[in-house]
């Protein structure tokens, strides 16, 4: 008898749901994400301390164009309270441990961690980033990193990888074309590891001079057009797994003809797609809108699937809830 290959799963991405807080007895921190997110092996290589500069983009609903990376062991476990750029406070920032977002701005200490934010950097300028906070015992923690921004704008594309978010509830790659390389064009095709993907979105982001001054913008073009003046990002579904390598190529149609950009990148060490043998999925984002605790309540959803992707629903359907902040979540959310 021919065995059936699993072809579909449903991903429920939970947002704004009640999460009970528990107090850790050993260090006093409020754990809503109780376990480390990344490598724990004693011999796992640590990243170098680095201040990196990118085109303005967005992740975890926050704009960023600078990332301060610190190796594991460079700080104890602590909660980030303040980020400063050349002595000036940063309004919004994102904290990641081994590539995994932490909504409570908590650094685990035993993993590499990074802080991303919008710095509106300029070419060939020196910058220092200072990150401060407090440990569970109330002790002050401070780490800093300095660097010089590029002397000229890059023309090379790059690719990063992200877990499901409320806005984009599926594992995906974020392909970036720097502002200096953007031309008037239409995105006609996106390929991931040599295979064409139809599920992608086209954004442009950066800064624009207005009557109110210099303002940040991020715009989606539903006609898949990009224009000079802003960097371009192509967000494409990608079932990346822990530490996997992927190559993304984006094809553009310009007035002069076809043009393409290609980039290869490595995915984070944790938080990857749950099982690569299940290639098809449907994502549902659940929002609690009236402030009620919904723990234990059923979710009923009607979904549609292509006939050629499923044979026996009882054997080929799985429901996977992705919520890394939930106390009962596994190590990958």
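In our numbering, the protein residues as written are 803 to 1135. Glycine included, every Cβ here is placed at the ideal spot set by N, Cα and C. All figures in this text were calculated on a predicted structure; none of them were measured in a lab.
CB contact flag (residue 899, residue 910, <7 angstroms): By 1-based counting over the chain shown, the position of residue 899 is 97. By 1-based counting over the chain shown, the position of residue 910 is 108. Yes, the Cβ-Cβ distance between residue 899 and residue 910 is below 7 angstroms.
Where residue 849 sits in the DSSP three-state scheme: Position 47 of the chain shown, counted from the start, is the residue given in the question as residue 849. Looking at residue 849 - three-state DSSP - the assignment turns out to be coil, as it is neither helix nor strand.
Helix, strand or coil at residue 926 according to DSSP, with G and I counted as helix: What you label residue 926 is simply residue 124 of the chain shown in a count that begins at 1. Three-state result, residue 926: coil.
6 angstroms CB neighbourhood of residue 961 in its chain, flanking five on each side removed: Working through the chain shown from its first residue, we reach residue 961 at position 159. Within the same chain, residue 961 has close Cβ partners 975, 977, 1050, 1065, 1067.
C-beta atoms of residue 1073 and residue 902 nearer than 7 angstroms: For the purposes of this step, residue 1073 is identified with residue 271 of the chain shown, where counting begins at 1. For the purposes of this step, residue 902 is identified with residue 100 of the chain shown, where counting begins at 1. If you check the CB distance, residue 1073 and residue 902 come in under 7 angstroms.
Separation of residue 1028 from residue 887, as counted between CA atoms: Within the chain shown, numbered from 1, the residue matching residue 887 stands at position 85. Within the chain shown, numbered from 1, the residue matching residue 1028 stands at position 226. Each residue's alpha carbon lies about 31 angstroms from the other.
Selection from 990, 868, 1083, 897 that minimises the alpha carbon distance to residue 1059: Translated into positions along the chain shown, residue 1059 becomes position 257. Nearest neighbour of residue 1059 by Cα position, chosen from 990, 868, 1083, 897, turns out to be 990.
Cβ-Cβ separation, residue 1007 to residue 1016 (assumed contact under 8 angstroms), whole Å: Counted from its first residue, the chain shown places residue 1016 at position 214. Counted from its first residue, the chain shown places residue 1007 at position 205. Contact between residue 1016 and residue 1007 is ruled out by a C-beta separation of about 14 angstroms, above the 8 angstroms threshold.
Residues of its chain near residue 874, where Cβ-Cβ distance is below 7 angstroms and the 5 sequence neighbours each way are ignored: The residue given as residue 874 occupies position 72 in the chain shown. Result list for residue 874: 848, 912, 913, 914, in chain order.
Span separating the alpha-carbon of residue 1123 from that of residue 1062: Position 321 of the chain shown, counted from the start, is the residue given in the question as residue 1123. Position 260 of the chain shown, counted from the start, is the residue given in the question as residue 1062. Their backbone Cα atoms lie some 36 angstroms apart in a straight line.
Spatial distance of residue 1086 from residue 972 (CA atoms): The sequence position of residue 1086 within the chain shown is 284, counting from 1. The sequence position of residue 972 within the chain shown is 170, counting from 1. Each residue's alpha carbon lies about 9 angstroms from the other.
Closest by C-alpha distance to residue 1000, when choosing among 970, 986, 1038, 988: For the purposes of this step, residue 1000 is taken as residue 198 along the chain shown, with counting starting at 1. Looking only at 970, 986, 1038, 988, the smallest Cα-Cα distance to residue 1000 is reached by 1038.
Exposure label - residue 1104; buried when at least 16 CB within 10 Å: Numbered from 1 along the chain shown, position 302 holds the residue referred to as residue 1104. Counting the other Cβ atoms within 10 Å of the Cβ of residue 1104 gives fewer than 16, which makes it exposed.
Between the CA atoms of residue 1023 and residue 863 - distance to the nearest angstrom: Start at 1 with the first residue of the chain shown, and residue 863 comes out as number 61. Start at 1 with the first residue of the chain shown, and residue 1023 comes out as number 221. Note on geometry: alpha-carbon atoms of residue 863 and residue 1023 lie some 18 angstroms from one another.
Residue 959 in three-state terms, based on DSSP: Here residue 959 refers to the residue found at position 157 when the chain shown is read from its first residue. Coil.
Bridge partners - residue 1056, DSSP secondary structure assignment: Residue numbering aside, residue 1056 sits at position 254 when the chain shown is read from its first letter. Paired residues: 1059.
Residue burial classification, residue 1102 (beta-carbon count within 10 angstroms, cutoff 16): Position 300 of the chain shown, counting from 1, holds the residue named residue 1102. So residue 1102 ends up on the exposed side.
8 angstroms contact criterion, which residue 857 and residue 981 should meet: CB distance rounded: Locating residue 857 in the chain shown gives position 55, counting from the first residue. Locating residue 981 in the chain shown gives position 179, counting from the first residue. That belief holds up - the Cβ atoms of residue 857 and residue 981 are roughly 6 angstroms apart, short of 8 angstroms.
Cβ neighbour criterion (16 or more within 10 Å) applied to residue 1048: Taking the first residue of the chain shown as position 1, residue 1048 is located at position 246. Classification of residue 1048: buried, given that the 10 Å Cβ count is 16 or more.
CA-to-CA distance, residue 860 to residue 1055, given in whole angstroms: As a first step, residue 1055 must be located in the chain shown, where it is residue number 253. As a first step, residue 860 must be located in the chain shown, where it is residue number 58. Across the structure, residue 1055 and residue 860 are spaced so that their CA atoms are roughly 25 angstroms apart.
Minimum C-alpha distance to residue 889 - residue among 947, 957, 1018, 1070: Position 87 of the chain shown, counted from the start, is the residue given in the question as residue 889. It is 947.
Buried versus exposed call for residue 939 [16 or more other C-beta atoms within 10 Å across all chains shown]: Taking the chain shown and counting its residues from 1, the one referred to as residue 939 is at position 137. Counting every other CB atom within 10 Å of its CB across the protein chains shown gives residue 939 a total below 16, marking it as exposed.
Backbone secondary structure at residue 841 - three-state DSSP: Here residue 841 refers to the residue found at position 39 of the chain shown. Since pLDDT at residue 841 reaches only 45, below the 50 mark, its modelled position is unreliable, and no value is offered.
Residue 952 versus 1010, 1113, 1116, 854, residue with shortest Cα-Cα distance: On the chain shown, residue 952 is found 150 positions in, with the first residue counted as 1. It is 854 whose Cα lies nearest to the Cα of residue 952.
7 angstroms CB neighbourhood of residue 943 in its chain, flanking five on each side removed: Stepping through the chain shown from its first residue, residue 943 is reached at position 141. Once the five neighbours on either side are set aside, the close Cβ partners of residue 943 are 877, 878, 880, 934, 935, 936, 937.
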